[in-house]
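What follows is a short report on a single structure.
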Amino acid sequence: SPARVAMLIPTYNEPEDVLLPVIAAALSITPPHETWVLDDGNRPGIELLAHSLGARYLAREENTHAKAGNINSALRVIEADLIAVIDADHVVGSDFLHHTLCYFDDPQVAVVQTPQDFYNTDSFEHGRRQRRRFNEQAVFYRVILPAKNRWNAVFWCGTNALVRVKALEEVGGVATGSVTEDIHTSIRLHRRGWRIVAHNEVLALGLAATDVNQYVLQRRRWARGALQVMRMERPVTGPGLTLPQRLAYASTLLGWFDAWRSLGYMVLPMVVLATGALAIRVPLSVFGPVFLITFLIQFTAFRFLSRGYYPPVMATVFETLRMPAALPATLELLRSGDRRFKVTPKGRMSDGRHRIPPPRLLLALFGLGVLVLVWFALTLSGLTPLHYGEPGAMFGGAGFLVLNLALLVAAASRASSSRFSGERRASVRFDLDRAVRLDGHPGRMRDASLGGARLLIEGDFPRFAPEYRGRLVVDGFARPLPARVVRIYGRSPEGTHLGVCFDIRTPRVRADLALWLFRHLRREEEAACPPGSSRSPGRPQVAAAARSATGAAASPR
Numbered sequence: 025s026p027a028r029v030a031m032l033i034p035t036y037n038e039p040e041d042v043l044l045p046v047i048a049a050a051l052s053i054t055p056p057h058e059t060w061v062l063d064d065g066n067r068p069g070i071e072l073l074a075h076s077l078g079a080r081y082l083a084r085e086e087n088t089h090a091k092a093g094n095i096n097s098a099l100r101v102i103e104a105d106l107i108a109v110i111d112a113d114h115v116v117g118s119d120f121l122h123h124t125l126c127y128f129d130d131p132q133v134a135v136v137q138t139p140q141d142f143y144n145t146d147s148f149e150h151g152r153r154q155r156r157r158f159n160e161q162a163v164f165y166r167v168i169l170p171a172k173n174r175w176n177a178v179f180w181c182g183t184n185a186l187v188r189v190k191a192l193e194e195v196g197g198v199a200t201g202s203v204t205e206d207i208h209t210s211i212r213l214h215r216r217g218w219r220i221v222a223h224n225e226v227l228a229l230g231l232a233a234t235d236v237n238q239y240v241l242q243r244r245r246w247a248r249g250a251l252q253v254m255r256m257e258r259p260v261t262g263p264g265l266t267l268p269q270r271l272a273y274a275s276t277l278l279g280w281f282d283a284w285r286s287l288g289y290m291v292l293p294m295v296v297l298a299t300g301a302l303a304i305r306v307p308l309s310v311f312g313p314v315f316l317i318t319f320l321i322q323f324t325a326f327r328f329l330s331r332g333y334y335p336p337v338m339a340t341v342f343e344t345l346r347m348p349a350a351l352p353a354t355l356e357l358l359r360s361g362d363r364r365f366k367v368t369p370k371g372r373m374s375d376g377r378h379r380i381p382p383p384r385l386l387l388a389l390f391g392l393g394v395l396v397l398v399w400f401a402l403t404l405s406g407l408t409p410l411h412y413g414e415p416g417a418m419f420g421g422a423g424f425l426v427l428n429l430a431l432l433v434a435a436a437s438r439a440s441s442s443r444f445s446g447e448r449r450a451s452v453r454f455d456l457d458r459a460v461r462l463d464g465h466p467g468r469m470r471d472a473s474l475g476g477a478r479l480l481i482e483g484d485f486p487r488f489a490p491e492y493r494g495r496l497v498v499d500g501f502a503r504p505l506p507a508r509v510v511r512i513y514g515r516s517p518e519g520t521h522l523g524v525c526f527d528i529r530t531p532r533v534r535a536d537l538a539l540w541l542f543r544h545l546r547r548e549e550e551a552a553c554p555p556g557s558s559r560s561p562g563r564p565q566v567a568a569a570a571r572s573a574t575g576a577a578a579s580p581r
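Going by our numbering, the first residue of the sequence shown is number 25, and it counts up by one from there.
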């Protein structure tokens with residue numbers, strides 16, 4: 025008989041504008057399934073929204089153990105063989121179940137994990153180069169995680185995954201005791217002989233961190249959780265895992281200590297210039313070629329292994345930005361005791377843009393570096409008691425320090441940029457180009473969100489003053505939308521540029537609009553995807569991966 029499937033949407037404080045497209049998309053996909061909103065915020069407005077769209081609603085009296093406790097509580101009520109866990113800001117595509125259910129023909133498969141990708145492509149985590157957009161997590165989800173298929177070392181990443189309920193029951197439910205319940209549960213599943221598969225196709229889109237505060241908060245939680253899991257489960261030395269699984273978990277969990285390496289690279293040239301001490305005493309004619317060859321090998325290997333998903337400069341900037349999150353978290357490995365779980369905020373954060381100061385660690389390192397450069401210049405001028413025995417090496421150290429300062433400036437500038445100074449809109453605005461008619465007057469829709477749109481109406485219409493109300497007919501959308509002009513941007517030879525908001529009263533119409541916008545977004549993303557880096561592995565690979573959940577066919581191209 026067909027497996028009983030339930031889509032679970034755990035939520036705590038996400039606003040209605042973030043949740044509505046998530047619920048609407050979960051309800052719209054096939055095959056038949058139940059959709060549950062698991063509200064740890066216990067909010068009447070979210071209960072009304074869920075019921076009005078056709079979803080089921082479940083809340084707890086106490087929200088102990090955060091997301092893990094929320095799911096475990098739901099499993100005592102819901103009757104399902106498989107559960108799809110979808111975070112409250114991730115919108116699933118129509119093929120989500122069709123492309124993941126086939127793996128469960130193998131009775132040993134416990135979890136099928138799909139990549140996390142994001143629809144707010146102007147987020148703090150995104151960069152652009154030569155018309156291509158990159159996000160900081162892409163190299164992990166599109167290259168590293170699928171490669172773990174070979175060793176059955178993939179782990180559950182919390183969202184965009186389909187999970188076998190029987191497997192969860194066998195390990196006592198979703199693991200509690202750490203703030204990263206996903207990888208924690210994965211270790212327990214692997215120890216029981218279950219398999220976890222990475223399906224390398226983007227089937228859902230979520231919200232990435234919009235500013236440096238969200239970014240640091242999220243990464244600090246991930247780092248803290250990783251080290252909690254290291255201490256509790258001992259995946260490297262504990263029983264029940266294969267050697268490749270131990271190495272894979274060690275690489276992931278200990279990777280947060282990489283921040284200390286980054287800090288060392290920042291501090292080392294400062295120490296050398298401030299004290300005159302040299303870490304390596306070797307002639308420049310020997311050191312120079314060795315250093316250059318090593319650097320070129322590392323750079324080339326990085327470019328090939330990342331498969332175009334992580335440009336080196338962007339990677340190094342984000343390594344620097346991760347330091348304020350990872351360094352304090354790694355120190356917590358030495359301390360015991362519970363830490364309060366903090367949810368990454370989503371949706372509108374403010375009514376306007378306010379520059380966010382860079383992390384203090386970056387400012388401190390920059391200030392110290394500038395002082396050391398001044399000291400270096402004074403020493404060369406004979407104005408300090410220090411004497412450099414190897415001036416050539418000191419100039420090399422100064423060059424190293426200047427590069428570090430440039431990196432700190434790039435990281436701090438990104439952190440404090442007005443582009444990433446808080447989300448002003450209740451929902452993300454998508455660029456598009458659609459024919460429209462506003463009360464019969466033709467024009468084009470330039471962008472749109474759940475709340476409104478930017479229009480170009482042909483001709484000059486003085487009567488389109490602020491607060492003008494009309495009916496907006498959009499090509500491809502089944503219903504006319506009640507629109508209110510809230511801003512006139514100006515007039516040009518092409519026509520009148522307007523900003524309108526949608527006065528939509530019913531959740532059902534807003535849900536239809538959300539589905540239309542996200543389907544348009546997925547078509548645009550797929551069309552813009554360059555050769556060799558597509559979002560989908562292709563239908564033949566999907567079928568092959570279902571036949572062999574070891575992942576050879578599901579590995580990235």
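The beta-carbon is built from N, C-alpha and C at its ideal position, and this holds for glycine as well.
- Just so you know, the alpha carbons of residue 520 and residue 492 end up roughly 14 Å apart.
- With 16 or more other Cβ atoms inside 10 Å of its own Cβ, residue 172 counts as buried.
- Within the same chain, and ignoring the five residues on either side of residue 209 in sequence, the residues whose Cβ sits closer than 7 Å to its Cβ are 180, 195, 198, 199.
- The criterion of a C-beta distance shorter than 8 Å is not satisfied by residue 347 and residue 151.
- Counting of Cβ neighbours within 10 angstroms places residue 138 among the buried residues, the total reaching 16 or more.
- Looking at the DSSP output, residue 34 bridges to 62.
- For residue 505, the three-state secondary structure derived from DSSP is strand.
- Assignment of residue 544 by DSSP, reduced to helix, strand and coil, places it in the helix class.
- Fewer than three beta-carbon pairs drawn from the stretch 52–68 and the stretch 126–133 are found closer than 8 Å, and the two stretches are therefore not classed as touching.
- Within the stretch 206–287, the complete beta strand (DSSP E) segments of 3 residues or longer fall at 219–222, 228–230, listed in chain order.
- Taking a C-beta distance under 8 Å as the contact criterion, residue 45 and residue 136 do not qualify as a contact pair.
- Taking the Cα positions, residue 76 is about 41 Å away from residue 438.
- For residue 322, the secondary structure class from DSSP, reduced to helix, strand or coil, is helix.
- The Cβ atoms of residue 251 and residue 353 lie closer than 8 Å to each other.
- Within the same chain, Cβ atoms closer than 7 Å to the Cβ of residue 304 are found at 311, the five residues on either side in sequence being excluded.
- Residue 514 is bridged by DSSP to 521.
- In the structure shown, the three-state DSSP call for residue 159 is strand.
- Note: residue 398 is not bridge-paired with any residue in the DSSP secondary-structure output.
- A direct Cα-Cα distance of roughly 18 Å separates residue 163 from residue 278.
- In this structure, residue 539 and residue 52 form a Cβ contact; the two beta carbons are roughly 6 Å apart against a cut-off of 8 Å.
- Going by DSSP, residue 472 is part of the beta strand (DSSP E) stretching over 465–472.
- When secondary structure is reduced to three states using DSSP, residue 314 falls in the helix class.
- Spanning the alpha carbons of residue 397 and residue 386 requires a straight line of approximately 17 Å.
- Under the DSSP definition of a beta bridge, residue 481 partners with 467, 520.
- Counted as a single uninterrupted DSSP element, the stretch harbouring residue 406 is not any alpha helix (DSSP H), since DSSP gives it neither H nor E.
- Taking residue 107 as the centre and dropping the five residues before and after it, the same chain places the C-beta of 30, 32, 187, 189 closer than 7 Å to its C-beta, in chain order.
- Of the other Cβ atoms in all chains shown, fewer than 16 fall within 10 Å of the Cβ of residue 69; this residue is therefore exposed.
- Residue ranges of uninterrupted beta strand (DSSP E) with 3 or more members, entirely inside the stretch 125–207 and ordered along the chain, are 133–137, 150–153, 156–159, 185–188.
- For residue 420, the closest of 79, 228, 272, 297 by C-alpha to C-alpha distance is 297.
- Counting C-beta pairs with one atom in each stretch, the stretch 507–525 and the stretch 77–85 have fewer than three that are closer than 8 Å, which means they do not touch.
- Residue 247 sits away from residue 284, with the two beta carbons spaced by 8 Å or more.
- Residue 105 sits away from residue 50, with the two beta carbons spaced by 8 Å or more.
- Burial of residue 245 is indicated by the presence of at least 16 other C-beta atoms within 10 angstroms of its C-beta.
- Partner residues in the beta bridge of residue 82, as assigned by DSSP, are 62.
- The secondary-structure analysis by DSSP pairs residue 106 across a beta bridge with 29, 188.
- With respect to the 8 Å criterion, residue 222 and residue 169 are classified as neighbours on the basis of their beta carbons.
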